[in-house]
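Student:
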Amino acid sequence: MTDSTPTLHEYEYKAEMKQLLHLIIHSLYTHPEVFLRELISNASDALNKVRFLQLSDSAVLEPDAPLRIAIDIDKEAHTFSITDSGIGMTKDDLIDRIGTVASSGTLEFVSSIKAGNAPLDGDLIGRFGVGFYSAFMVADEVTIETRHADPGSQGYRWKSVGEGRFTIEEIDLEHRGTRISFTLKEDAKEFSEDWRVRGIIKKYSNFVDFPILIAEEQVNTVTALWHRASDAVTEEERNEFYTFLSNDPDPPLGHLHLHIEGRYNFNALLFIPRTAPPRLYDLAERRSLHLYASKVFIQDDCRELAPEYLSFITGVIDSEDLPLNVSREVTQASPVLAKINEVVTSRVLGLLDEWSKSEPEKYATFFSAFGSLLKMGATSDFTNRERILELLRFETTKTEAGTRASFRDYVSRMQAEQKDIYYLVGEHRDLLERSPNLEYFRKNDLEVLLLSDPVDVFSIPAIFEFDSKRLVSIEKADLNIPADAETPAAGADDTDTAPLLAFIKEQLGDAVEDVVASKRLVDSAATLVAGKKGMDAQMERVMKLMDKEYSGSKRILELNLAHPLIRNLARLHASGADEALVKDCVQQIYQGASLIENTLDAPADFVRRMTEIMERATR
Numbered sequence: 073m074t075d076s077t078p079t080l081h082e083y084e085y086k087a088e089m090k091q092l093l094h095l096i097i098h099s100l101y102t103h104p105e106v107f108l109r110e111l112i113s114n115a116s117d118a119l120n121k122v123r124f125l126q127l128s129d130s131a132v133l134e135p136d137a138p139l140r141i142a143i144d145i146d147k148e149a150h151t152f153s154i155t156d157s158g159i160g161m162t163k164d165d166l167i168d169r170i171g172t173v174a175s176s177g178t179l180e181f182v183s184s185i186k187a188g189n190a191p192l193d194g195d196l197i198g199r200f201g202v203g204f205y206s207a208f209m210v211a212d213e214v215t216i217e218t219r220h221a222d223p224g225s226q227g228y229r230w231k232s233v234g235e236g237r238f239t240i241e242e243i244d245l246e247h248r249g250t251r252i253s254f255t256l257k258e259d260a261k262e263f264s265e266d267w268r269v270r271g272i273i274k275k276y277s278n279f280v281d282f283p284i285l286i287a288e289e290q291v292n293t294v295t296a297l298w299h300r301a302s303d304a305v306t307e308e309e310r311n312e313f314y315t316f317l318s319n320d321p322d323p324p325l326g327h328l329h330l331h332i333e334g335r336y337n338f339n340a341l342l343f344i345p346r347t348a349p350p351r352l353y354d355l356a357e358r359r360s361l362h363l364y365a366s367k368v369f370i371q372d373d374c375r376e377l378a379p380e381y382l383s384f385i386t387g388v389i390d391s392e393d394l395p396l397n398v399s400r401e402v403t404q405a406s407p408v409l410a411k412i413n414e415v416v417t418s419r420v421l422g423l424l425d426e427w428s429k430s431e432p433e434k435y436a437t438f439f440s441a442f443g444s445l446l447k448m449g450a451t452s453d454f455t456n457r458e459r460i461l462e463l464l465r466f467e468t469t470k471t472e473a474g475t476r477a478s479f480r481d482y483v484s485r486m487q488a489e490q491k492d493i494y495y496l497v498g499e500h501r502d503l504l505e506r507s508p509n510l511e512y513f514r515k516n517d518l519e520v521l522l523l524s525d526p527v528d529v530f531s532i533p534a535i536f537e538f539d540s541k542r543l544v545s546i547e548k549a550d551l552n553i554p555a556d557a558e559t560p561a562a563g564a565d566d567t568d569t570a571p572l573l574a575f576i577k578e579q580l581g582d583a584v585e586d587v588v589a590s591k592r593l594v595d596s597a598a599t600l601v602a603g604k605k606g607m608d609a610q611m612e613r614v615m616k617l618m619d620k621e622y623s624g625s626k627r628i629l630e631l632n633l634a635h636p637l638i639r640n641l642a643r644l645h646a647s648g649a650d651e652a653l654v655k656d657c658v659q660q661i662y663q664g665a666s667l668i669e670n671t672l673d674a675p676a677d678f679v680r681r682m683t684e685i686m687e688r689a690t691r
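Going by the working numbering, the sequence shown opens with residue 73, and the numbers climb by one from there.
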């Protein structure tokens, strides 16, 4: 007689999965209740997938089974289970999807949070693809019983205590779908209370597309808010829906409720967050708009619905003009989605323009969070380029720190003979304000944009102009300075500085492109600027970070001929009294200018030479 007992197979988690589970199980979470939100979200995804299969006429196990999520809790035994009638999982799914980190970068991000001794906020869990593992926040052991929707599928039981290994065995299951069950930890027994579970569902999952049942009673509100009239939706409903979509506990900054009719018809409920989510610029982690076709969910990351620079938008778009069995490949080339993209872009830019004019404080909040993305849009969306340029904001020499002005504000303050918009790029405002290249502009009351956003390095040079005014870096040699602007003083004597300029050029040799008299310096003796074909210092630093072989272009050394040091050196050089001192001073001036723009390669030589010069001066 043969033994018909199913074979129990044991597997080991991959190394990175072990680390992630250890962090989840042994870290302090601020919101352990989100385990329920994550399990419901996974169940909803499974139901959407099986509904999609049914719409595409695929053969599905139990095609008439109701699409729903059932939660069973036992207050006395402190047990918890959640069951869905979704697509279910195969054995390979259990091994590959449950035993592996869900998305690249997840472990790195979670580890960095812990390295900073910060609590691992439960609100972050769902944003980084580790939703199922949140069950280990409230349970010591988790069991999954599942059967795939394929008619010939086999049932399986997966079990793990989350410490390195899991087991899988074949079981008899009549129904398709997945059931996750566990006994709650001592400090998590509150989640076996009916009122507590209902409250969490209302808070996080009220707008899941499928009924959520407790004791056969539906708890959530399954409703398509975007199909209702805007004035029929309360602010509370909108905020709850936004939280459900984004996992953001804060209410949105604003929203757009659209009902578009014409050649293409669609409804939309779009939200603009108040703050930027973690890893906003990580394309692999970015989640875009949800796409529906006649209230049927199609996909939750449809990037064709809006341009990349508006990827901060969260929401739902529902079109009656898309087939229910639309695929991702179809959406990428769909004229319907292209038109939706065009309308959404125009409406969002219109809303931002309205805020910028009527609610400047709200717009300032928005721009602090997402202004960098808009700057990217100014260089990529040529159709809406002028509208985007009007929305950009920058700190300037005439604004306080943290306060930004528009290009339009700048142009309105330009001097009569001023033809260009001047800017200076650097790491932060304090450094920018100490730049010697600002001295001439400050003395002559010429406003300069102070650009410290990393995106500015690439976006501003690509904008070229605004309102027929060129955007010009004040670190460039070929500045178009207004003819009536005050120039630096000629000096108090008639010392000839031409021989000194030639001598300095000879001493520095190939280290510089040229040595010239400066029109921009007032108080400083020297500065380094880019030639006509060169990049400003900040751009060159970025290029060197991207390419270690990049050497950069030679700089032009500008000297303030009215500065006492330069005039003293001119006299000393003309007399031939101490040529060694003049040579040392030339090197010190050049390296000092390099130090200011953070390109000094030999700080030890600079300090040594400075010490020697001071020693001579104090003999």
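Beta carbons are placed, not taken as given, at the ideal position from N, Cα and C, and that holds for glycine.
DSSP state of Lys698, grouped into three classes?
Tutor: Limits of the chain in this structure are 73 at one end and 691 at the other, which puts residue 698 out of reach.
Student: Quick check: what's the CA-CA separation for Thr255 versus Val388?
Tutor: Going by the C-alpha atoms only, they are around 36 Å apart.
Student: Report whether the distance from the Cβ of Leu111 to the nearest heavy atom of the ligand PLP is below 7 Å.
Tutor: The ligand content of the structure shown is nil, which means the ligand PLP is not present either.
Student: Mind checking whether Leu461 and Ala450 have CB atoms under 8 Å apart?
Tutor: Yes, these two residues count as a Cβ contact at 8 Å.
Student: Could you give the first and the last residue of the continuous beta strand (DSSP E) run that contains Asn339?
Tutor: It spans Phe338 to Ile344 - the beta strand (DSSP E) in which Asn339 sits, taken as one unbroken run.
Student: Identify which residue in Leu127, Ala149, Arg251 and Gly236 has its Cα closest to the Cα of Lys86.
Tutor: Checking every option, the nearest Cα to that of Lys86 belongs to Gly236.
Student: Just confirm the distance between the C-beta atoms of Arg248 and Gly334, as a whole number of angstroms; I'd bet it's less than 8 Å.
Tutor: Arg248 to Gly334, Cβ: 41 Å. No contact.
Student: By Cβ distance below 6 Å, which residues in the same chain neighbour Glu217 in space, the five residues on each side in sequence not counted?
Tutor: Answer for Glu217: Arg229 and Arg251, listed in chain order.
Student: Ends of the beta strand (DSSP E) at Thr468?
Tutor: Taken as a continuous stretch (DSSP letters only), the beta strand (DSSP E) holding Thr468 covers Arg465 to Thr468.
Student: Ends of the alpha helix (DSSP H) at Thr15?
Tutor: Nothing about residue 15 can be reported from this structure: the residues present for the chain run from 73 to 691 only.
Student: In angstroms, rounded to a whole number, what distance separates the CA positions of Leu111 and Ile535?
Tutor: Near 46 Å, if we compare the C-alpha coordinates of Ile535 and Leu111.
Student: Nearest by alpha-carbon distance to His645: which of Phe124, Pro571 and Asp595 is it?
Tutor: For His645, the nearest C-alpha among the options comes from Pro571.
Student: Under 8 Å Cβ to Cβ from Cys657, same chain only, skipping five residues before and after it: list those, please.
Tutor: Around Cys657: Leu637, Leu641 and Ile685.
Student: Which residues bound the beta strand (DSSP E) around Ile284?
Tutor: Note, Ile284: beta strand (DSSP E), Ile284 to Ile286.
Student: DSSP three-state call for Gly387: helix, strand or coil?
Tutor: Three-state DSSP puts Gly387 in a strand.
Student: With a threshold of 16 other CB atoms inside 10 Å of the CB of His500, please say whether the residue is buried or exposed.
Tutor: Flag for His500 reads exposed.
Student: Could you pull the DSSP bridge partners for Ser153 from this structure?
Tutor: Answer is Asp144 and Ser253, bridged to Ser153.
Student: First and last residue of the alpha helix (DSSP H) that includes Ala118?
Tutor: Run containing Ala118: Val106 to Leu127, per the alpha helix (DSSP H) assignment.
Student: Where does Lys548 fall in DSSP's three states?
Tutor: In this structure, Lys548 counts as strand in the three-state DSSP scheme.
Student: Tell me, please, whether the stretch 116–123 touches the stretch 273–284 by the rule of three or more beta-carbon pairs shorter than 8 Å.
Tutor: Contact between the stretch 116–123 and the stretch 273–284 is present, because at least three Cβ pairs lie under 8 Å.
Student: Would you say the stretch 421–433 touches the stretch 368–378, given that touching needs at least three Cβ pairs under 8 Å?
Tutor: Cβ pair count under 8 Å is below three, so no.
Student: Thinking C-alpha only, which one of Ser428, Ala365 and Met448 is nearest Leu463?
Tutor: Ranking the options by Cα distance to Leu463, first place goes to Ser428.
Student: Note down the Cα distance separating Arg691 from Glu578, rounded to an integer number of angstroms.
Tutor: Arg691 and Glu578: Cα-Cα distance of roughly 30 Å.
Student: Three Cβ pairs or more, each shorter than 8 Å: is that satisfied between the stretch 206–213 and the stretch 231–245?
Tutor: Yes, since at least three Cβ pairs between the stretch 206–213 and the stretch 231–245 fall closer than 8 Å, the two stretches touch.
Student: Could you pull out every residue in the same chain whose Cβ sits closer than 6 Å to the Cβ of Leu518, ignoring the five residues on either side in sequence?
Tutor: Nothing meets the Cβ criterion.
Student: Identify every residue that forms a DSSP beta bridge with Lys699.
Tutor: No answer is possible for residue 699: it lies beyond the span of the chain, which begins at 73 and ends at 691.
Student: Let me know if Gln487 comes out buried or exposed under the rule of 16 or more other beta-carbons within 10 Å of its beta-carbon.
Tutor: Gln487 is exposed by the Cβ-count criterion.
Student: Determine the closest residue to Tyr360 out of Asp372, Ser524, Glu82 and Leu352, with distance taken between C-alpha atoms.
Tutor: As written in the sequence, residue 360 is Ser, which differs from the Tyr given in the question. Of Asp372, Ser524, Glu82 and Leu352, the residue nearest in Cα terms is Asp372.
Student: For the alpha helix (DSSP H) holding Ala410, just list the boundary residues, first then last.
Tutor: Its alpha helix (DSSP H) spans residues Pro407 to Ser430.
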